[in-house]
Amino acid sequence: MGAAAVSEEYPFPLPTPGVITGPFWDGLREHRLLVQRCLTGGHLVHYPREFCPVCYSPDLEWEEMSGRGRVHAFTVVHRAVHPAFQQEKAPYVFALIRLDEGPILTSNVEGVALDEMRIEMPVEVYFDDVTEQVTLPKFRPVGG
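Quick note: the sequence shown uses my numbering, first residue 188, plus one each step.
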């Protein structure tokens, strides 16, 4: 997804959208969670790619997801790898979210006490407009 960008508006590393990932990030800016669908085999594809990893078809289109899913796996980060996250963010939850439609995304889960986190917790996306150009998909418990 490109090298991390730095912004004066947001103190943490930001993604740098590329040609292939651009529609994903554009969708987030519009508060839409988009995932590629293979037109040949119908497979949902995430992370964004040039071709389907199942059937190798280059015929992909973007489809909006519901934004609902479940925590597939998670860890509580107490000591961040990147120094920017250590001071203000840690501890935080880094999770794999399996969307109801099937694809798995990496993100943060917020709005829940660390000792209440659990596998299979139902979550929903919310869109964090961290700068004018970048919106990040984050998750919170359903109804939270």
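Glycine included, C-beta positions come from ideal geometry on N, C-alpha and C.
To which residues of the same chain is Leu323 closer than 6 Å at the C-beta, ignoring the five residues directly before and after it? A distance below 6 Å between beta-carbons, with the five flanking residues on each side excluded, links Leu323 to the following residues of its chain, in chain order: Asp315 and Val317.
For His233 versus Pro290, is the C-beta spacing smaller than 8 Å? Yes, the Cβ-Cβ distance between His233 and Pro290 is below 8 Å.
Thinking just about the alpha-carbon of each residue, which of Val206, Leu247 and Ile284 is nearest to the one in Arg255? Restricting attention to Val206, Leu247 and Ile284, the CA atom closest to the CA of Arg255 is found in Ile284.
If I measure Cβ to Cβ from Ile207 and keep anything under 8 Å in the same chain, skipping five residues before and after, which residues do I get? Excluding positions up to five away in sequence, the list reads Pro235, Arg236 and Glu237.
Any idea what DSSP makes of Asp316, helix, strand or coil? Of the three classes helix, strand and coil, the one that applies to Asp316 here is strand, per DSSP.
Is Leu323 helix, strand or coil when you go by DSSP? If DSSP states are grouped into helix, strand and coil, Leu323 belongs with the strands.
Own chain residues within Cβ distance below 8 Å of Thr293, not counting five before or after: Closer than 8 Å at the Cβ level, and outside the excluded window around Thr293, lie Phe281, Ala282, Leu283 and Ile284.
Arg266, buried or exposed, once every other Cβ within 10 Å from all chains shown has been counted against 16: Classification for Arg266: exposed.
So, are the CB atoms of Glu307 and Val258 less than 8 Å apart? Contact flag set, yes.
Note the first and the last residue of the continuous alpha helix (DSSP H) segment covering Arg216. Run containing Arg216: Gly209 to Arg216, per the alpha helix (DSSP H) assignment.
Could you say which of Ala277, Val329 and Glu303 lies nearest to Phe199 if we only look at CA atoms? Checked all of Ala277, Val329 and Glu303; the closest Cα to Phe199 is Ala277.
Rounded straight-line distance, which links the Cα of Val241 to that of Leu301: One alpha carbon belongs to Leu301, the other to Val241, and they sit about 36 Å apart.
Rounded C-beta distance between Pro245 and Val321? I'm assuming under 8 Å. Rounded to whole angstroms, the Cβ separation of Pro245 and Val321 is 28 Å, and the two are not in contact under 8 Å.
Between Glu196 and Leu247, what straight-line distance do the alpha-carbon atoms span, to the nearest angstrom? Near 34 Å, if we compare the C-alpha coordinates of Leu247 and Glu196.
Which residue wins for smallest C-alpha separation from Glu311, given the options Val296, Trp212, Glu303 and Met304? Nearest neighbour of Glu311 by Cα position, chosen from Val296, Trp212, Glu303 and Met304, turns out to be Val296.
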